[in-house]
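A.B. asks: For the sequence shown, the positions run 0 to 310 when numbering that gives the first Met the number 0 is used. For glycine and all other residues, C-beta sits at the position ideal for the given N, C-alpha and C. Source: prediction; values computed, not measured. Would you mind keeping the following structure in view while I ask a few things?
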Amino acid sequence: MKRVQYRRYGGPDELRLDEVRPPDAARGQIRVQVRAAAANPMDWKIRRGEMKMLSGSRFPRGLGHDFAGVVEAVGPGVRRLKVGDEVQGATTIRQAGAFAEHVVADEKNVWVKPPSISFEQAAALTLVSVTAWLALMAKARLKAGQSVFIAGCMGGVGRSAVQLARMRGAEVAGSCSACEREEALALGVSEVADYRAFDIAPYQHRFDVVFDAAGALSLGQCSAMLKRRGKSLHIVPTPAKMIGCLLSSRHHLVFANPTPQALAGITEAAEQGKLVPAIGRVVPLSEAIPAVVELERTGLPKGKLVIVPTR
Ligand SMILES: NC(=O)c1ccc[n+]([C@@H]2O[C@H](COP(=O)([O-])OP(=O)(O)OC[C@H]3O[C@@H](n4cnc5c(N)ncnc54)[C@H](OP(=O)(O)O)[C@@H]3O)[C@@H](O)[C@H]2O)c1
C-alpha cells in the first residue's frame, strides 16, 4: 500500500510517498481502508520534531492522524466495531500514518460515521471537533445564554467551537483574519475582531468562557477578558501556560483525547447539520505531500485540506 512517511525528524524534504506492507491490527485495534484523511498543524509540528516526547523515535513514521473509511480487519478484543463498518477516527500521536491507503488505530479512538456525513466531511471534523467539544462542553460546561470569546474562530478548531457554542445557545465573539470577517458573522460570531489589530480594551470582564483556539492570548489577557467566575481554555501549550494552568483553577489546558460523550455529542451535532466542516481542498494521495507542505508554508487553503487515497 502507499503511505506518506519520513525516516527522521526534519523539514518537508523528509516526506516520501512509499510503498509499504499494510499494517496488522493488534489487540484492541482495527485496520481501516482510508477513504479520506485530513491535515492538522500537529502533522508538521510532529514531523519537525517539536513533539518528540509524545511521538517517540521509531522510524519510518507515517504522517497524518484524522481519517474516515471502512473497517477491513479487527484485532483480538475488539467488540464495538466490525468489518464493513463505515467509521471516522484518529490515530494516536505515536501511531500516526493516516495519509495512506490503510491505517491502524485503537478501537476507542474510532467511531461509526453517521451515514448522512461524507467520508471527506467526517475526516475533516475529527480532531478539531473533539478538541472544541472537550474545551467548551466538557471542561467549560458552556451553558445557554453564556458568552464565549474564541480566538482563532475561523481555524479548524475555532469553526467547530463556534458551531458547538451556538448550538448550545451561547453568545459568541471571536478573532480571525480581517478577510474572514463576513464568514465569521455568517457562522454566528456576533462580534468579530481582526486578530492583527486586536485590542483587549473593549473585551474586559465580559466573558464566561475564553477559548484560545489559536495560541494567541496570554493567561493575563484571558483573566482580563473573563467575568469573575469565568474559565479560559488553551490548546497550544507553552511552558508559561502549562505552569499557569497548573497553578490556577480558572485556566485549563485541553488535549484531544476523545471520550465516548464527546464522540456521541459530535456525531449527533454533525447528523443534525449543526457541525459542518469547511473543506478548503481535496487532493489524491499522490498529491498529498505538496499540498500539506503548501498548507504548512502558506496557511492555504483556508478550510481543511482533505486527502483521498482512492481518487
Ligand atoms: N491540544 C490539542 O489537543 C490540540 C488539538 C487540535 C489543535 N491543536 C493546536 O491548536 C492550534 C489550532 O489548530 P487548528 O487545527 O484550528 O489550526 P488552523 O486550522 O491552522 O487554525 C488556526 C487559526 O488561527 C488563526 N490565527 C493565527 N494567529 C492568530 C492570532 N494571533 N489570533 C487569532 N487567530 C489567529 C489563523 O488565521 P490565519 O490563517 O488567517 O492566519 C487560523 O484561522 C494549532 O496550534 C494546533 O496544533 C491542539
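What residues are listed by DSSP as bridge partners for Gln319?
C.D. replies: Since the first residue of the chain shown is 0 and the last is 310, residue 319 is not available in this structure.
A.B. asks: Between which two residues does the alpha helix (DSSP H) holding Val292 run?
C.D. replies: In the sequence shown, the residue the question calls residue 292 occupies position 293. Start and end: Ala287 to Thr297.
A.B. asks: Taking a contact to mean a Cβ-Cβ separation below 8 Å, would you say Pro85 touches Val305 in this structure?
C.D. replies: Locating residue 85 in the sequence shown gives position 86, where the first residue counts as 1. Locating residue 305 in the sequence shown gives position 306, where the first residue counts as 1. In the sequence as presented, Pro is not what sits at residue 85; that position holds Glu. No, these two residues do not count as a Cβ contact at 8 Å.
A.B. asks: In the DSSP assignment, what are the bridge partners of Leu232?
C.D. replies: Against the sequence shown, residue 232 aligns to sequence position 233. Leu232 is bridged to Phe210 and His251.
A.B. asks: Any contact between the region 156-169 and the region 217-226? By contact I mean 3 or more CB pairs, one from each, below 8 Å.
C.D. replies: no
A.B. asks: Counting pairs of Cβ atoms below 8 Å between the region 99-115 and the region 181-193, do you hit three or more?
C.D. replies: no
A.B. asks: May I ask which residues mark the beginning and end of the alpha helix (DSSP H) holding Gly219?
C.D. replies: Within the sequence shown, the letter at position 220 stands for residue 219. Segment Leu218 to Met224, the alpha helix (DSSP H) holding Gly219.
A.B. asks: Considering only residues of the same chain and omitting the five flanking positions on each side of Asp207, which have a CB-CB separation below 7 Å?
C.D. replies: Locating residue 207 in the sequence shown gives position 208, counting from the first residue. Once the five neighbours on either side are set aside, the close Cβ partners of Asp207 are Gln145, Ser146, Val147, Lys226 and Gly229.
A.B. asks: Cα separation between Phe58 and Gly187?
C.D. replies: Taking the first residue of the sequence shown as position 1, residue 58 is located at position 59. Taking the first residue of the sequence shown as position 1, residue 187 is located at position 188. Between the C-alpha atoms of Phe58 and Gly187 there is a straight-line separation of about 44 Å.
A.B. asks: Do Val70 and Leu80 have their CB atoms nearer than 8 Å?
C.D. replies: Working through the sequence shown from its first residue, we reach residue 70 at position 71. Working through the sequence shown from its first residue, we reach residue 80 at position 81. Contact flag set, yes.
A.B. asks: Under 7 Å from any heavy atom of ligand 1, does the C-beta of Met153 make it?
C.D. replies: Walking along the sequence shown from the start, residue 153 turns up at place 154. Met153 Cβ: within cutoff of ligand 1.
A.B. asks: Closest by CA to Lys301, which one among Asp42, Ala263 and Ala290?
C.D. replies: To locate residue 301, count along the sequence shown from 1; it is residue 302. Checked all of Asp42, Ala263 and Ala290; the closest Cα to Lys301 is Ala290.
A.B. asks: With burial defined as no fewer than 16 other Cβ atoms inside 10 Å of the residue's Cβ, what is the status of Cys397: buried or exposed?
C.D. replies: Summary: the structure shown does not reach residue 397, with the chain confined to residues 0 through 310, and so no result is reported for it.
A.B. asks: Cβ of Pro238 versus every heavy atom of ligand 1: is any distance shorter than 7 Å?
C.D. replies: In the sequence shown, the residue the question calls residue 238 occupies position 239. No, the Cβ of Pro238 stays beyond 7 Å of every heavy atom of ligand 1.
A.B. asks: Touch check for the region 32-52 and the region 120-127: three-plus C-beta pairs under 8 Å?
C.D. replies: Flag = yes, the region 32-52 and the region 120-127 touch.
A.B. asks: If we count the other Cβ atoms within 10 Å of its Cβ and call it buried at 16 or more, is Ala183 buried or exposed?
C.D. replies: For this step, residue 183 is matched to residue 184 along the sequence shown. The residue is buried, with at least 16 neighbouring Cβ atoms inside 10 Å.
A.B. asks: State yes or no: is the C-beta of Phe254 nearer than 7 Å to some heavy atom of ligand 1?
C.D. replies: The residue given as residue 254 occupies position 255 in the sequence shown. Using a cutoff of 7 Å, the CB of Phe254 counts as near ligand 1, since one of the ligand's heavy atoms is closer than that.
A.B. asks: Give the single residue among Ile288, Arg93 and Gly272 whose Cα lies nearest to the Cα of Glu13.
C.D. replies: Walking along the sequence shown from the start, residue 13 turns up at place 14. Cα-wise, what sits closest to Glu13 is Ile288.
A.B. asks: For Ser174, I'd like the list of residues in its chain whose CB is within less than 6 Å of its CB, leaving aside the five on either flank, ordered along the chain.
C.D. replies: Working through the sequence shown from its first residue, we reach residue 174 at position 175. Closer than 6 Å at Cβ, skipping near neighbours: Ala150, Ala192, Tyr194 and Phe197.
A.B. asks: Compute the distance between the beta-carbons of Lys273 and Met166, then report whether it is under 8 Å.
C.D. replies: Indexing the sequence shown from 1 puts residue 273 at position 274. Indexing the sequence shown from 1 puts residue 166 at position 167. Against a cut-off of 8 Å, the Cβ pair of Met166 and Lys273 comes out as a contact.
A.B. asks: Looking at the secondary structure, which residues open and close the beta strand (DSSP E) in which Val281 lies?
C.D. replies: By 1-based counting over the sequence shown, the position of residue 281 is 282. That run of the beta strand (DSSP E) goes Ile278 to Pro283.
A.B. asks: Just checking my contact of Lys303 with Ala261 at CB under 8 Å: how many whole Å lie between their CB atoms?
C.D. replies: Within the sequence shown, numbered from 1, the residue matching residue 303 stands at position 304. Within the sequence shown, numbered from 1, the residue matching residue 261 stands at position 262. That pair is no contact at about 19 Å.
A.B. asks: Can you list the beta strand (DSSP E) stretches of 3 or more residues lying completely in the region 16-54, in chain order?
C.D. replies: 28-37
A.B. asks: Which value, in whole angstroms, describes the spacing of the CA atoms of Thr266 and Asp105?
C.D. replies: For the purposes of this step, residue 266 is taken as residue 267 along the sequence shown, with counting starting at 1. For the purposes of this step, residue 105 is taken as residue 106 along the sequence shown, with counting starting at 1. Roughly 18 Å separates the two Cα atoms.
A.B. asks: Ala97 to Val109, Cα distance in whole Å?
C.D. replies: The sequence position of residue 97 within the sequence shown is 98, counting from 1. The sequence position of residue 109 within the sequence shown is 110, counting from 1. For Ala97 and Val109, the distance between alpha carbons rounds to 13 Å.
A.B. asks: Run through the DSSP bridge pairs and tell me what Trp110 is partnered with.
C.D. replies: Position 111 of the sequence shown, counted from the start, is the residue given in the question as residue 110. Trp110 is bridged by DSSP to Gln87.
A.B. asks: State buried or exposed for Pro22, treating a residue as buried only when at least 16 other CB atoms are found within 10 Å of its CB.
C.D. replies: Along the sequence shown, one-based indexing puts residue 22 at 23. Buried: at least 16 other Cβ atoms inside 10 Å.
A.B. asks: Answer yes or no: the CB of Ser222 versus the heavy atoms of ligand 1, is any distance below 7 Å?
C.D. replies: Position 223 of the sequence shown, counted from the first residue, corresponds to residue 222. No, Cβ of Ser222 sits at least 7 Å from all heavy atoms of ligand 1.
A.B. asks: Could you round the C-beta distance between Thr125 and Val156 to whole angstroms and report it? I think they count as a contact, below 8 Å.
C.D. replies: Counted from its first residue, the sequence shown places residue 125 at position 126. Counted from its first residue, the sequence shown places residue 156 at position 157. Not confirmed; about 11 Å, so no contact.
A.B. asks: In whole angstroms, give me the CA-to-CA distance for Glu293 and Leu299.
C.D. replies: Along the sequence shown, one-based indexing puts residue 293 at 294. Along the sequence shown, one-based indexing puts residue 299 at 300. Approximately 7 Å between the Cα atoms of the pair.
A.B. asks: For Leu141, which three-state DSSP category applies?
C.D. replies: Counting from 1 along the sequence shown, the entry for residue 141 is found at position 142. Three-state DSSP puts Leu141 in coil, outside helix and strand.
A.B. asks: To which residues of the same chain is Gly76 closer than 7 Å at the C-beta, ignoring the five residues directly before and after it?
C.D. replies: Indexing the sequence shown from 1 puts residue 76 at position 77. Contacts found: Arg26 and Gly27.
A.B. asks: Count the other CB atoms within 10 Å of the CB of Asn39; is the residue buried (16 or more) or exposed (fewer)?
C.D. replies: Within the sequence shown, the letter at position 40 stands for residue 39. Looking at its Cβ environment, which holds 16 or more other Cβ atoms inside 10 Å, Asn39 is buried.
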